[in-house]
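Undergrad: Supplied in C-alpha coordinates, the structure appears directly below.
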Amino acid sequence: MESVVIEWVSLITRWTHITAGIAWIGSSFYFMHLDAALRSLPEIPTGKGGEAWEVHGGGFYQVRKYLVAPAKLPEHLIWHKWQAYSTWLSGMFLLGWIYYLGADLYLVDPAVQALAPLQAAGIGIGSLIVGWLVYDGLVRSPLAKREMALAAVGFAFIVAMAWFYQQVFSGRGAMIHTGALMGTMMVGNVFLNIMPNQRKVIADLVAGRTPNPAYGKQAKTRSTHNNYLTLPVLFLMLSNHFALVYTSPYAYVIVGLVLVAGALVRVFYNVRHTGRGDPWWTWGVAAACLVAAIAISALTAPAAREQLGLDPLPESAAVDAAAPAPEDIVGIVQGRCAMCHAETPAWPGITVAPKGVRLDTPEHIALWKSRIVLYAGETNAMPPNNISEITPEERRALVQWASLK
(Lines of atoms letter the chains of each structure in order from A and count residues from 1; the text may use other names and numbers.)
(Lines give C-alpha, C1' and ligand atoms only; values in the text may rest on other atoms or scores of the structure.)
Protein backbone atom coordinates (compact mmCIF):
# COMPACT_ATOMS: atom_id res chain seq x y z
CA MET A 1 0.00 0.00 0.00
CA GLU A 2 2.92 2.35 0.60
CA SER A 3 3.83 2.38 -3.09
CA VAL A 4 0.18 2.96 -4.04
CA VAL A 5 -0.01 6.01 -1.77
CA ILE A 6 3.31 7.39 -3.02
CA GLU A 7 2.34 7.01 -6.67
CA TRP A 8 -1.16 8.48 -6.33
CA VAL A 9 -0.08 11.43 -4.22
CA SER A 10 2.64 12.14 -6.79
CA LEU A 11 0.21 11.84 -9.70
CA ILE A 12 -2.52 14.04 -8.20
CA THR A 13 -0.02 16.70 -7.12
CA ARG A 14 1.67 16.70 -10.54
CA TRP A 15 -1.76 17.06 -12.14
CA THR A 16 -2.47 20.05 -9.91
CA HIS A 17 0.97 21.54 -10.57
CA ILE A 18 0.69 21.26 -14.34
CA THR A 19 -2.88 22.59 -14.41
CA ALA A 20 -1.96 25.59 -12.27
CA GLY A 21 1.19 26.18 -14.31
CA ILE A 22 -0.79 26.22 -17.55
CA ALA A 23 -3.12 28.84 -16.06
CA TRP A 24 -0.22 30.98 -14.76
CA ILE A 25 1.88 30.88 -17.91
CA GLY A 26 -1.19 31.33 -20.08
CA SER A 27 -2.17 34.49 -18.20
CA SER A 28 1.41 35.79 -18.52
CA PHE A 29 1.36 35.30 -22.28
CA TYR A 30 -2.13 36.80 -22.55
CA PHE A 31 -1.47 39.99 -20.60
CA MET A 32 1.83 40.66 -22.38
CA HIS A 33 -0.03 40.34 -25.69
CA LEU A 34 -2.87 42.50 -24.39
CA ASP A 35 -0.52 45.26 -23.23
CA ALA A 36 1.13 45.27 -26.64
CA ALA A 37 -2.25 45.57 -28.40
CA LEU A 38 -3.56 48.59 -26.44
CA ARG A 39 -4.55 51.67 -28.44
CA SER A 40 -5.03 55.13 -26.96
CA LEU A 41 -8.45 56.76 -26.57
CA PRO A 42 -9.58 60.36 -25.97
CA GLU A 43 -10.49 59.49 -22.39
CA ILE A 44 -7.25 57.49 -21.91
CA PRO A 45 -4.40 59.49 -23.48
CA THR A 46 -1.23 57.94 -24.83
CA GLY A 47 1.03 56.87 -22.01
CA LYS A 48 -1.87 56.54 -19.56
CA GLY A 49 -3.32 53.25 -20.83
CA GLY A 50 -5.47 52.18 -23.72
CA GLU A 51 -8.11 49.90 -25.16
CA ALA A 52 -8.13 46.65 -27.10
CA TRP A 53 -10.92 44.72 -28.79
CA GLU A 54 -10.85 40.92 -28.90
CA VAL A 55 -12.95 38.19 -30.42
CA HIS A 56 -13.18 34.75 -28.86
CA GLY A 57 -15.72 32.01 -28.31
CA GLY A 58 -18.37 33.64 -30.46
CA GLY A 59 -18.30 37.02 -28.76
CA PHE A 60 -16.45 40.35 -28.68
CA TYR A 61 -14.54 41.75 -25.73
CA GLN A 62 -13.71 45.39 -25.05
CA VAL A 63 -10.75 45.64 -22.65
CA ARG A 64 -9.35 48.83 -21.17
CA LYS A 65 -6.20 49.35 -19.15
CA TYR A 66 -5.26 52.25 -16.88
CA LEU A 67 -1.53 52.39 -16.29
CA VAL A 68 -1.96 53.99 -12.89
CA ALA A 69 -5.62 53.59 -11.90
CA PRO A 70 -9.13 54.54 -13.00
CA ALA A 71 -10.76 57.62 -11.53
CA LYS A 72 -13.05 55.45 -9.43
CA LEU A 73 -12.57 51.99 -7.97
CA PRO A 74 -14.93 49.49 -9.65
CA GLU A 75 -17.18 47.36 -7.48
CA HIS A 76 -15.79 44.07 -8.81
CA LEU A 77 -12.17 43.16 -9.56
CA ILE A 78 -10.76 39.90 -10.92
CA TRP A 79 -7.44 39.16 -9.22
CA HIS A 80 -4.82 37.08 -10.99
CA LYS A 81 -2.69 35.59 -8.23
CA TRP A 82 -3.78 32.09 -7.29
CA GLN A 83 -2.45 30.65 -10.55
CA ALA A 84 1.03 31.63 -9.35
CA TYR A 85 0.53 30.63 -5.73
CA SER A 86 -0.96 27.21 -6.48
CA THR A 87 1.77 26.46 -9.05
CA TRP A 88 4.52 27.22 -6.55
CA LEU A 89 2.86 25.53 -3.56
CA SER A 90 2.17 22.32 -5.48
CA GLY A 91 5.70 22.44 -6.92
CA MET A 92 7.26 22.82 -3.49
CA PHE A 93 5.16 19.94 -2.20
CA LEU A 94 6.43 17.77 -5.05
CA LEU A 95 10.00 18.86 -4.35
CA GLY A 96 9.62 17.71 -0.75
CA TRP A 97 7.58 14.59 -1.51
CA ILE A 98 9.84 13.25 -4.25
CA TYR A 99 13.27 14.79 -3.80
CA TYR A 100 13.55 15.41 -0.05
CA LEU A 101 11.68 12.35 1.25
CA GLY A 102 13.31 10.27 -1.49
CA ALA A 103 16.68 12.00 -1.23
CA ASP A 104 18.67 8.76 -1.34
CA LEU A 105 17.20 8.00 -4.76
CA TYR A 106 16.67 11.33 -6.44
CA LEU A 107 18.66 14.06 -4.74
CA VAL A 108 21.83 12.67 -3.19
CA ASP A 109 24.49 11.19 -5.45
CA PRO A 110 27.40 9.83 -3.35
CA ALA A 111 29.68 10.21 -6.36
CA VAL A 112 29.03 13.98 -6.18
CA GLN A 113 28.61 14.67 -2.46
CA ALA A 114 27.87 12.19 0.34
CA LEU A 115 25.12 14.27 1.95
CA ALA A 116 22.62 13.18 4.56
CA PRO A 117 19.00 13.68 3.40
CA LEU A 118 18.46 16.51 5.89
CA GLN A 119 21.65 18.21 4.73
CA ALA A 120 20.55 18.00 1.11
CA ALA A 121 17.08 19.36 1.92
CA GLY A 122 18.62 22.19 3.95
CA ILE A 123 20.90 23.17 1.07
CA GLY A 124 17.99 23.03 -1.35
CA ILE A 125 15.56 25.13 0.68
CA GLY A 126 18.27 27.54 1.84
CA SER A 127 19.45 28.12 -1.72
CA LEU A 128 15.94 29.02 -2.86
CA ILE A 129 15.67 31.63 -0.12
CA VAL A 130 19.13 33.05 -0.86
CA GLY A 131 18.37 33.01 -4.59
CA TRP A 132 15.24 35.12 -4.12
CA LEU A 133 17.09 37.59 -1.90
CA VAL A 134 19.89 38.00 -4.46
CA TYR A 135 17.47 38.47 -7.36
CA ASP A 136 15.27 40.91 -5.42
CA GLY A 137 18.35 42.86 -4.38
CA LEU A 138 19.50 43.13 -7.99
CA VAL A 139 16.10 44.43 -9.14
CA ARG A 140 16.08 47.04 -6.36
CA SER A 141 19.66 48.13 -7.03
CA PRO A 142 20.83 50.91 -9.39
CA LEU A 143 21.65 48.14 -11.88
CA ALA A 144 17.92 47.83 -12.59
CA LYS A 145 18.04 51.13 -14.48
CA ARG A 146 20.07 49.38 -17.20
CA GLU A 147 17.93 46.51 -18.49
CA MET A 148 20.61 44.69 -20.46
CA ALA A 149 23.13 44.87 -17.61
CA LEU A 150 20.53 43.53 -15.19
CA ALA A 151 19.65 40.72 -17.62
CA ALA A 152 23.33 39.79 -18.01
CA VAL A 153 23.95 39.68 -14.25
CA GLY A 154 20.73 37.73 -13.67
CA PHE A 155 21.70 35.27 -16.39
CA ALA A 156 25.15 34.76 -14.87
CA PHE A 157 23.63 34.25 -11.42
CA ILE A 158 21.22 31.54 -12.59
CA VAL A 159 23.95 29.70 -14.53
CA ALA A 160 26.26 29.94 -11.50
CA MET A 161 23.52 28.45 -9.30
CA ALA A 162 23.01 25.65 -11.82
CA TRP A 163 26.74 24.91 -11.62
CA PHE A 164 26.59 25.01 -7.82
CA TYR A 165 23.71 22.55 -7.73
CA GLN A 166 25.71 20.16 -9.92
CA GLN A 167 28.49 20.21 -7.31
CA VAL A 168 26.19 19.07 -4.48
CA PHE A 169 23.21 17.19 -5.96
CA SER A 170 22.47 14.42 -8.41
CA GLY A 171 21.87 15.43 -12.02
CA ARG A 172 18.10 15.34 -11.61
CA GLY A 173 18.31 17.17 -8.30
CA ALA A 174 20.45 19.90 -9.82
CA MET A 175 18.11 20.57 -12.73
CA ILE A 176 14.93 20.52 -10.64
CA HIS A 177 16.43 22.93 -8.11
CA THR A 178 17.53 25.31 -10.86
CA GLY A 179 13.95 25.33 -12.12
CA ALA A 180 12.61 25.71 -8.58
CA LEU A 181 14.95 28.67 -8.03
CA MET A 182 13.57 30.45 -11.08
CA GLY A 183 10.00 29.56 -10.11
CA THR A 184 10.61 30.99 -6.64
CA MET A 185 11.84 34.23 -8.17
CA MET A 186 8.68 34.38 -10.25
CA VAL A 187 6.23 33.71 -7.42
CA GLY A 188 8.18 36.06 -5.17
CA ASN A 189 7.57 38.79 -7.75
CA VAL A 190 3.84 38.15 -7.54
CA PHE A 191 3.53 37.70 -3.78
CA LEU A 192 6.05 40.26 -2.55
CA ASN A 193 5.86 42.99 -5.19
CA ILE A 194 3.02 42.87 -7.71
CA MET A 195 0.18 42.11 -5.28
CA PRO A 196 1.35 44.51 -2.51
CA ASN A 197 1.75 47.32 -5.05
CA GLN A 198 -1.73 46.75 -6.42
CA ARG A 199 -3.14 46.83 -2.89
CA LYS A 200 -1.42 50.17 -2.29
CA VAL A 201 -3.04 51.58 -5.43
CA ILE A 202 -6.47 50.36 -4.29
CA ALA A 203 -5.94 51.81 -0.81
CA ASP A 204 -5.14 55.20 -2.38
CA LEU A 205 -8.30 55.08 -4.50
CA VAL A 206 -10.44 54.19 -1.50
CA ALA A 207 -8.89 57.05 0.48
CA GLY A 208 -9.40 59.50 -2.35
CA ARG A 209 -5.68 59.95 -2.99
CA THR A 210 -3.91 59.90 -6.35
CA PRO A 211 -1.97 56.61 -6.59
CA ASN A 212 1.78 56.70 -7.10
CA PRO A 213 2.58 55.65 -10.72
CA ALA A 214 5.78 53.98 -9.48
CA TYR A 215 3.76 51.11 -8.02
CA GLY A 216 2.40 50.11 -11.41
CA LYS A 217 5.78 50.47 -13.13
CA GLN A 218 7.48 48.24 -10.55
CA ALA A 219 4.77 45.60 -10.88
CA LYS A 220 4.99 45.66 -14.69
CA THR A 221 8.77 45.23 -14.56
CA ARG A 222 8.47 42.16 -12.34
CA SER A 223 5.68 40.76 -14.51
CA THR A 224 7.88 41.17 -17.60
CA HIS A 225 10.74 39.33 -15.90
CA ASN A 226 8.36 36.47 -15.19
CA ASN A 227 7.31 36.37 -18.82
CA TYR A 228 10.88 35.90 -20.04
CA LEU A 229 11.52 33.12 -17.51
CA THR A 230 8.46 31.02 -18.37
CA LEU A 231 9.88 28.92 -21.23
CA PRO A 232 13.23 28.15 -19.54
CA VAL A 233 11.41 27.10 -16.36
CA LEU A 234 9.18 24.76 -18.36
CA PHE A 235 12.24 23.20 -19.99
CA LEU A 236 13.93 22.64 -16.62
CA MET A 237 10.81 21.07 -15.11
CA LEU A 238 10.68 18.63 -18.02
CA SER A 239 14.43 18.02 -18.23
CA ASN A 240 14.58 15.85 -15.11
CA HIS A 241 12.68 13.20 -17.13
CA PHE A 242 15.39 13.15 -19.82
CA ALA A 243 18.67 11.63 -18.71
CA LEU A 244 20.56 12.84 -21.78
CA VAL A 245 20.21 16.37 -20.38
CA TYR A 246 20.68 16.02 -16.62
CA THR A 247 23.46 13.43 -16.71
CA SER A 248 25.73 15.70 -18.75
CA PRO A 249 28.61 17.14 -16.71
CA TYR A 250 27.93 20.37 -18.60
CA ALA A 251 24.22 20.56 -17.76
CA TYR A 252 24.77 24.04 -16.35
CA VAL A 253 25.91 25.18 -19.81
CA ILE A 254 22.72 23.69 -21.26
CA VAL A 255 20.79 25.74 -18.69
CA GLY A 256 22.47 28.89 -19.99
CA LEU A 257 21.69 28.04 -23.61
CA VAL A 258 18.04 27.32 -22.78
CA LEU A 259 17.77 30.61 -20.87
CA VAL A 260 18.87 32.48 -24.00
CA ALA A 261 16.68 30.43 -26.36
CA GLY A 262 13.54 30.72 -24.24
CA ALA A 263 13.94 34.44 -23.61
CA LEU A 264 14.52 35.15 -27.31
CA VAL A 265 11.32 33.33 -28.30
CA ARG A 266 9.43 35.63 -25.95
CA VAL A 267 11.30 38.65 -27.38
CA PHE A 268 9.99 37.73 -30.84
CA TYR A 269 6.36 37.62 -29.76
CA ASN A 270 6.53 40.62 -27.44
CA VAL A 271 8.04 42.77 -30.18
CA ARG A 272 5.71 41.43 -32.85
CA HIS A 273 2.60 42.09 -30.79
CA THR A 274 3.56 45.75 -30.36
CA GLY A 275 3.62 46.15 -34.14
CA ARG A 276 7.35 46.91 -34.25
CA GLY A 277 8.11 44.24 -36.81
CA ASP A 278 9.07 40.56 -36.76
CA PRO A 279 12.59 40.00 -35.40
CA TRP A 280 13.08 36.61 -37.07
CA TRP A 281 16.73 36.61 -36.07
CA THR A 282 15.62 35.62 -32.56
CA TRP A 283 14.46 32.23 -33.86
CA GLY A 284 17.81 31.68 -35.55
CA VAL A 285 19.76 32.39 -32.39
CA ALA A 286 17.34 30.31 -30.29
CA ALA A 287 17.71 27.38 -32.71
CA ALA A 288 21.51 27.68 -32.59
CA CYS A 289 21.39 27.56 -28.79
CA LEU A 290 19.29 24.40 -28.85
CA VAL A 291 21.59 22.76 -31.41
CA ALA A 292 24.52 23.55 -29.13
CA ALA A 293 22.64 22.08 -26.15
CA ILE A 294 21.90 18.90 -28.11
CA ALA A 295 25.55 18.61 -29.15
CA ILE A 296 26.75 19.00 -25.56
CA SER A 297 24.35 16.35 -24.28
CA ALA A 298 25.28 13.93 -27.08
CA LEU A 299 29.04 14.41 -26.76
CA THR A 300 28.91 13.70 -23.02
CA ALA A 301 26.80 10.51 -23.31
CA PRO A 302 29.04 7.39 -23.02
CA ALA A 303 27.37 5.40 -25.80
CA ALA A 304 27.37 8.35 -28.19
CA ARG A 305 31.06 9.00 -27.55
CA GLU A 306 31.81 5.34 -28.23
CA GLN A 307 29.92 5.46 -31.53
CA LEU A 308 31.79 8.62 -32.53
CA GLY A 309 35.13 7.08 -31.66
CA LEU A 310 35.82 9.53 -28.82
CA ASP A 311 37.67 8.71 -25.64
CA PRO A 312 35.39 7.87 -22.69
CA LEU A 313 34.87 10.49 -20.01
CA PRO A 314 36.18 9.78 -16.50
CA GLU A 315 33.94 7.28 -14.72
CA SER A 316 31.87 8.27 -11.71
CA ALA A 317 32.86 7.00 -8.30
CA ALA A 318 31.43 3.64 -7.35
CA VAL A 319 28.15 3.56 -5.47
CA ASP A 320 28.63 2.70 -1.80
CA ALA A 321 25.78 0.38 -0.92
CA ALA A 322 25.74 -1.29 2.48
CA ALA A 323 23.86 -4.35 1.23
CA PRO A 324 24.25 -5.28 -2.45
CA ALA A 325 21.29 -7.03 -4.04
CA PRO A 326 21.12 -10.86 -3.72
CA GLU A 327 22.59 -12.89 -6.56
CA ASP A 328 19.23 -14.18 -7.80
CA ILE A 329 17.85 -10.64 -7.99
CA VAL A 330 21.00 -9.44 -9.72
CA GLY A 331 20.55 -12.18 -12.30
CA ILE A 332 16.95 -11.17 -13.00
CA VAL A 333 17.61 -7.45 -13.24
CA GLN A 334 20.81 -7.67 -15.25
CA GLY A 335 19.23 -10.17 -17.60
CA ARG A 336 16.00 -8.23 -18.12
CA CYS A 337 16.86 -4.58 -17.52
CA ALA A 338 20.58 -3.85 -17.76
CA MET A 339 20.72 -3.86 -21.55
CA CYS A 340 19.16 -0.39 -21.30
CA HIS A 341 19.94 0.64 -17.72
CA ALA A 342 23.72 0.62 -17.97
CA GLU A 343 26.51 3.14 -18.14
CA THR A 344 26.81 2.25 -21.82
CA PRO A 345 23.42 0.84 -22.91
CA ALA A 346 23.50 -2.00 -25.42
CA TRP A 347 19.95 -1.55 -26.69
CA PRO A 348 19.86 0.07 -30.16
CA GLY A 349 18.86 3.74 -30.08
CA ILE A 350 19.52 4.26 -26.37
CA THR A 351 22.64 6.28 -25.61
CA VAL A 352 22.17 6.91 -21.90
CA ALA A 353 20.43 4.96 -19.15
CA PRO A 354 16.71 5.93 -19.07
CA LYS A 355 16.04 8.40 -16.22
CA GLY A 356 19.73 8.03 -15.35
CA VAL A 357 18.94 4.72 -13.59
CA ARG A 358 21.83 2.28 -13.85
CA LEU A 359 21.18 -1.36 -12.98
CA ASP A 360 24.45 -2.88 -14.15
CA THR A 361 25.98 -3.62 -10.72
CA PRO A 362 24.62 -5.22 -7.51
CA GLU A 363 25.15 -1.89 -5.74
CA HIS A 364 23.13 0.09 -8.24
CA ILE A 365 20.38 -2.53 -8.17
CA ALA A 366 20.19 -2.25 -4.38
CA LEU A 367 20.05 1.53 -4.61
CA TRP A 368 16.99 1.42 -6.87
CA LYS A 369 15.24 -1.43 -5.04
CA SER A 370 11.94 0.36 -4.37
CA ARG A 371 11.58 1.53 -7.99
CA ILE A 372 12.51 -1.88 -9.41
CA VAL A 373 9.93 -3.59 -7.22
CA LEU A 374 7.20 -1.08 -8.09
CA TYR A 375 7.73 -0.99 -11.86
CA ALA A 376 8.81 -4.57 -12.58
CA GLY A 377 7.33 -6.48 -9.64
CA GLU A 378 4.13 -4.96 -8.33
CA THR A 379 3.15 -3.68 -11.79
CA ASN A 380 4.03 -4.64 -15.35
CA ALA A 381 5.25 -1.17 -16.32
CA MET A 382 8.76 -2.43 -16.95
CA PRO A 383 10.26 -3.67 -19.16
CA PRO A 384 8.24 -1.72 -21.78
CA ASN A 385 5.84 -4.14 -23.48
CA ASN A 386 7.82 -6.84 -21.66
CA ILE A 387 10.39 -6.55 -24.45
CA SER A 388 12.92 -8.65 -22.52
CA GLU A 389 10.30 -11.28 -21.61
CA ILE A 390 10.52 -11.18 -17.83
CA THR A 391 8.47 -14.07 -16.41
CA PRO A 392 5.70 -14.01 -13.76
CA GLU A 393 7.99 -16.03 -11.49
CA GLU A 394 10.72 -13.41 -11.79
CA ARG A 395 8.24 -10.63 -10.98
CA ARG A 396 7.14 -12.53 -7.86
CA ALA A 397 10.77 -12.89 -6.83
CA LEU A 398 11.18 -9.11 -7.06
CA VAL A 399 8.11 -8.60 -4.84
CA GLN A 400 9.46 -11.08 -2.30
CA TRP A 401 12.76 -9.20 -2.33
CA ALA A 402 10.86 -6.11 -1.20
CA SER A 403 9.94 -7.83 2.07
CA LEU A 404 13.59 -8.52 2.91
CA LYS A 405 15.20 -5.99 5.25
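Our numbering puts the sequence shown at residues 1433 to 1837.
Built from N, CA and C at the ideal position, the CB exists for glycine as well.
Remember, it's a predicted structure, so these values are computed and weren't measured experimentally.
Is residue 1586 close to the ligand GDP? I mean its beta-carbon at under 8 angstroms from any heavy atom of the ligand.
TA: Annotation note on the ligand GDP: not contained in the displayed structure, which lists no ligands.
Undergrad: Which two residues bound the contiguous beta strand (DSSP E) that contains residue 1492?
TA: Mapped onto the sequence shown, residue 1492 falls at position 60. Here the beta strand (DSSP E) through residue 1492 covers 1491-1498.
Undergrad: Mapping DSSP to helix, strand and coil, what is residue 1572?
TA: Here residue 1572 refers to the residue found at position 140 when the sequence shown is read from its first residue. The three-state reading of DSSP puts residue 1572 in helix, counting H, G and I together.
Undergrad: For the beta strand (DSSP E) holding residue 1488, just list the boundary residues, first then last.
TA: In the sequence shown, counting from the first residue as 1, residue 1488 sits at position 56. 1481-1488 is the extent of the beta strand (DSSP E) around residue 1488.
Undergrad: Have a look at 1725, 1480, 1627 and 1438 and flag the residue whose alpha-carbon is nearest the alpha-carbon of residue 1510.
TA: Numbered from its first residue, the sequence shown carries residue 1510 at position 78. Selected option, being the one with the closest Cα: 1627.
Undergrad: In chain order, which continuous runs of the beta strand (DSSP E) of length 3 or greater are located wholly inside the segment 1774-1825?
TA: none
Undergrad: Do residue 1508 and residue 1459 have their beta-carbon atoms positioned less than 9 angstroms apart in this structure?
TA: In the sequence shown, counting from the first residue as 1, residue 1459 sits at position 27. In the sequence shown, counting from the first residue as 1, residue 1508 sits at position 76. No, the pair does not count as a contact, with Cβ atoms beyond the cut-off.
Undergrad: Short of 8 angstroms in beta carbon distance, which residues of its chain neighbour residue 1560, apart from the five on each side in sequence? Order them along the chain.
TA: Along the sequence shown, read from residue 1 onward, the residue named residue 1560 stands at position 128. These residues qualify, in order along the chain: 1609, 1612, 1613 and 1616.
Undergrad: Buried or exposed: where does residue 1649 fall if 16 or more other Cβ atoms within 10 Å of its Cβ makes it buried?
TA: For the purposes of this step, residue 1649 is identified with residue 217 of the sequence shown, where counting begins at 1. Looking at its Cβ environment, which holds fewer than 16 other Cβ atoms inside 10 Å, residue 1649 is exposed.
Undergrad: For residue 1471, which of helix, strand or coil comes out of DSSP?
TA: Position 39 of the sequence shown, counting from 1, holds the residue named residue 1471. The answer is strand: DSSP assigns residue 1471 an E or B state.
Undergrad: How is residue 1545 classed by DSSP in three states: helix, strand or coil?
TA: The sequence position of residue 1545 within the sequence shown is 113, counting from 1. Here residue 1545 sits in coil by DSSP.
Undergrad: Is residue 1652 near residue 1644, with beta carbons less than 9 angstroms apart?
TA: On the sequence shown, residue 1652 is found 220 positions in, with the first residue counted as 1. On the sequence shown, residue 1644 is found 212 positions in, with the first residue counted as 1. Contact: no.
Undergrad: Where residue 1505 and residue 1636 are concerned, what is the direct C-alpha to C-alpha distance, given to the nearest angstrom?
TA: Along the sequence shown, read from residue 1 onward, the residue named residue 1505 stands at position 73. Along the sequence shown, read from residue 1 onward, the residue named residue 1636 stands at position 204. So the two alpha carbons sit approximately 10 angstroms from each other.
Undergrad: Jot down the residue ranges of each uninterrupted alpha helix (DSSP H) in the segment 1697-1745, minimum 4 residues, whole runs only, in chain order.
TA: Whole alpha helix (DSSP H) segments, 4+ residues: 1713-1731 and 1734-1739.
Undergrad: According to the neighbour-count rule (16 or more other Cβ atoms, all chains shown, within 10 Å of its Cβ), is residue 1823 buried or exposed?
TA: The residue given as residue 1823 occupies position 391 in the sequence shown. So residue 1823 ends up on the exposed side.
Undergrad: Taking the straight line between their C-alpha atoms, what separation do you get for residue 1801 and residue 1465?
TA: On the sequence shown, position 369 is the one that residue 1801 refers to. On the sequence shown, position 33 is the one that residue 1465 refers to. Rounded to the nearest angstrom, the two C-alpha atoms are 49 angstroms apart.
Undergrad: Give me the residue from 1588, 1528, 1569 and 1536 with the minimum Cα distance to residue 1557.
TA: Taking the first residue of the sequence shown as 1, we reach residue 1557 at position 125. It is 1528 whose Cα lies nearest to the Cα of residue 1557.
Undergrad: Are residue 1773 and residue 1791 close, meaning C-beta to C-beta below 9 angstroms?
TA: Position 341 of the sequence shown, counted from the start, is the residue given in the question as residue 1773. Position 359 of the sequence shown, counted from the start, is the residue given in the question as residue 1791. Yes. Within cutoff.
Undergrad: Counting C-beta neighbours from all protein chains within 10 Å, is the total for residue 1785 16 or more, i.e. buried, or is it exposed?
TA: Stepping through the sequence shown from its first residue, residue 1785 is reached at position 353. Residue 1785 comes out buried.
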